[in-house]
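Participant:
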Amino acid sequence: MADINLSRITKSFGDYRAVNQVSLDIKDGEFVALLGPSGCGKTTLLRLLAGFEEPDHGTISLGGQAVADPANGVMVNPEARNLGIVFQSYALWPHMSVARNVGYPLEVRGLGRAERDAKIAEALSIVALEPCADRSPTELSGGQRQRVALARCLVMEPRAVLLDEPLANLDVHLRETMQQAFLDFHRRTGATMIYVTHDQAEAMAMADRIAVMDKGRIRQVAAPETLYREPADHMVAGFVGAGAVLPIGDVSMRGTGRCSVRLGEAAIHARICQKAANNSDGQDLGLCLRPEDVWVDEAGTLRGSVEDCVYLGGRFRLQVRVGADQILPVYATRRARIGETVGLVISDGWVFDRSEGEAA
Ligand code: ATP
Numbered sequence: 028m029a030d031i032n033l034s035r036i037t038k039s040f041g042d043y044r045a046v047n048q049v050s051l052d053i054k055d056g057e058f059v060a061l062l063g064p065s066g067c068g069k070t071t072l073l074r075l076l077a078g079f080e081e082p083d084h085g086t087i088s089l090g091g092q093a094v095a096d097p098a099n100g101v102m103v104n105p106e107a108r109n110l111g112i113v114f115q116s117y118a119l120w121p122h123m124s125v126a127r128n129v130g131y132p133l134e135v136r137g138l139g140r141a142e143r144d145a146k147i148a149e150a151l152s153i154v155a156l157e158p159c160a161d162r163s164p165t166e167l168s169g170g171q172r173q174r175v176a177l178a179r180c181l182v183m184e185p186r187a188v189l190l191d192e193p194l195a196n197l198d199v200h201l202r203e204t205m206q207q208a209f210l211d212f213h214r215r216t217g218a219t220m221i222y223v224t225h226d227q228a229e230a231m232a233m234a235d236r237i238a239v240m241d242k243g244r245i246r247q248v249a250a251p252e253t254l255y256r257e258p259a260d261h262m263v264a265g266f267v268g269a270g271a272v273l274p275i276g277d278v279s280m281r282g283t284g285r286c287s288v289r290l291g292e293a294a295i296h297a298r299i300c301q302k303a304a305n306n307s308d309g310q311d312l313g314l315c316l317r318p319e320d321v322w323v324d325e326a327g328t329l330r331g332s333v334e335d336c337v338y339l340g341g342r343f344r345l346q347v348r349v350g351a352d353q354i355l356p357v358y359a360t361r362r363a364r365i366g367e368t369v370g371l372v373i374s375d376g377w378v379f380d381r382s383e384g385e386a387a
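Using my numbering, read the sequence shown as starting at 28 and increasing by one per residue.
1. For LEU119 versus PRO158, is the C-beta distance shorter than 7 angstroms?
2. Give the DSSP-derived three-state secondary structure of ASN128 in the structure shown.
3. Between VAL278 and VAL288, is the Cβ-Cβ spacing less than 7 angstroms?
4. Span of the alpha helix (DSSP H) holding LEU72?
5. Going along the chain, which residues of its own chain have a beta-carbon closer than 6 angstroms to the beta-carbon of ALA386, five neighbours each way excluded?
6. Is the stretch 129-140 touching the stretch 87-107 in the sense that three or more CB pairs, one from each, lie closer than 8 angstroms?
7. Measuring straight from C-alpha to C-alpha, what distance separates LEU151 and GLU334?
8. Can you tell me which of the three DSSP states ALA387 falls into?
9. Can you check the stretch 184-234 for any beta strand (DSSP E) of at least 3 residues that lies completely inside it and give the ranges in chain order?
10. Helix or strand or just coil, what does DSSP make of HIS261?
11. Distance check for LYS302 and SER382, CA to CA, integer angstroms please.
12. Tell me the DSSP secondary structure of SER287 in three-state form.
13. Put ASP144 into one of helix, strand or coil per three-state DSSP.
14. Tell whether a beta-carbon distance below 7 angstroms holds between VAL321 and ILE373.
15. Do ALA264 and the ligand ATP come close, with the Cβ less than 6 angstroms from some heavy atom?
16. Is it the case that the Cβ atoms of GLY270 and ARG317 are separated by a distance below 7 angstroms?
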């Protein structure tokens with residue numbers, strides 16, 4: 028296993044810049060998710076790392092050694108990088124047993140039978156599939172097939188495992204089970220894992236750190252909690268977690284890291300990032316409000332009209348209009364009528380500078 032370093036990687040297809048000046052350092056054993064909307068460049072970045080694409084500019088290093096550095100004519104081929112790759116399609120051979128599928132890369136490498144069998148047994152035990160060793164992949168569920176693909180990549184003892192939307196084909200329940208299987212796999216192997224997804228809940232549930240991508244750039248790299256509570260810009264704030272991002276202008280300081288923001292009749296005490304605190308003319312400021320920080324309370328000075336009410340089991344989620352074009356998602360303990368006027372109390376928010384992240 029090895030550290031992975033990407034430095035100012037750029038890749039264009041024709042005139043279209045799919046990956047734009049991306050730098051990212053991944054530590055040995057880390058689980059990093061690449062998260063972003065469709066077409067933002069996640070898969071291209073993974074393919075660059077795997078060696079299926081060559082960057083136009085920048086360097087990629089594995090364990091301190093450059094594997095792609097076009098300025099110096101370095102381009103190490105995918106096999107020599109020794110990275111395990113798992114895609115959403117499992118790419119298993121239906122005519123071979125599960126065990127043979129897992130061991131096939133070792134056969135190609137010319138390993139003897141006994142050594143192969145030992146490695147196959149170990150890999151199948153890590154993904155909890157020993158009882159299925161002699162079955163055909165066609166007799167397995169989608170989740171089991173994905174675990175076979177994981178075991179097949181594991182027998183190669185890769186320096187890191189790259190996963191491209193591996194759960195996209197599975198139903199919701201199986202996805203949750205498989206998230207746990209990937210986490211167990213990560214814990215048991217200590218493998219460096221890079222996991223591409225457009226599903227923020229999946230990234231939050233699994234990754235040590237999440238790199239949020241948009242239009243070929245990385246907007247923010249942070250632990251899930253930091254990303255959720257302290258988004259760097261409006262793209263991250265809107266993409267990660269349910270919540271509203273409101274443009275604001277009127278901020279007064281209340282001490283280090285805190286400020287007061289006016290929203291209609293209400294004054295909201297919020298946390299503020301350094302760049303926003305330094306933004307003296309108040310331009311480009313955004314207030315991120317998470318639904319769990321907004322409560323329906325008749326004493327609330329902020330009034331709004333209920334636009335929608337959905338029962339989530341245990342609580343309700345309302346959409347409340349508080350201004351001409353400002354809608355807040357809010358949790359409530361009772362059902363509300365559409366059109367009903369409610370008072371709101373806001374216990375926390377995050378003020379950020381909306382220009383932050385643009386130059387990342
Ligand atoms: P998704 O989640 O939909 O898979 P993504 O974030 O993985 O999206 P990429 O597959 O990396 O996005 O694609 C980024 C952009 O680059 C897209 O606009 C895509 O059309 C373009 N692109 C990717 N590969 C090629 C290629 N070989 N030739 C031309 N354009 C490409």
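Backbone N, C-alpha and C fix where the C-beta goes; we use that ideal spot for every residue, glycine too.
Facilitator: The answer reads as follows:
1. no
2. helix
3. yes
4. Counting along the chain, LEU72 sits inside the alpha helix (DSSP H) bounded by residues 69-77.
5. The predicted position of ALA386 is uncertain, since its pLDDT is 40 and thus under 50; a value taken from the coordinates is nonetheless stated next. There are no such residues.
6. no
7. 51 angstroms
8. Low local confidence applies: a pLDDT of 36 at ALA387 is under 50, so the model's placement there is unreliable, and no value is given.
9. 188-191 and 220-224
10. helix
11. 9 angstroms
12. Under the three-state reduction of DSSP, SER287 is assigned to strand.
13. helix
14. yes
15. no
16. For GLY270 and ARG317, yes; Cβs fall inside 7 angstroms.
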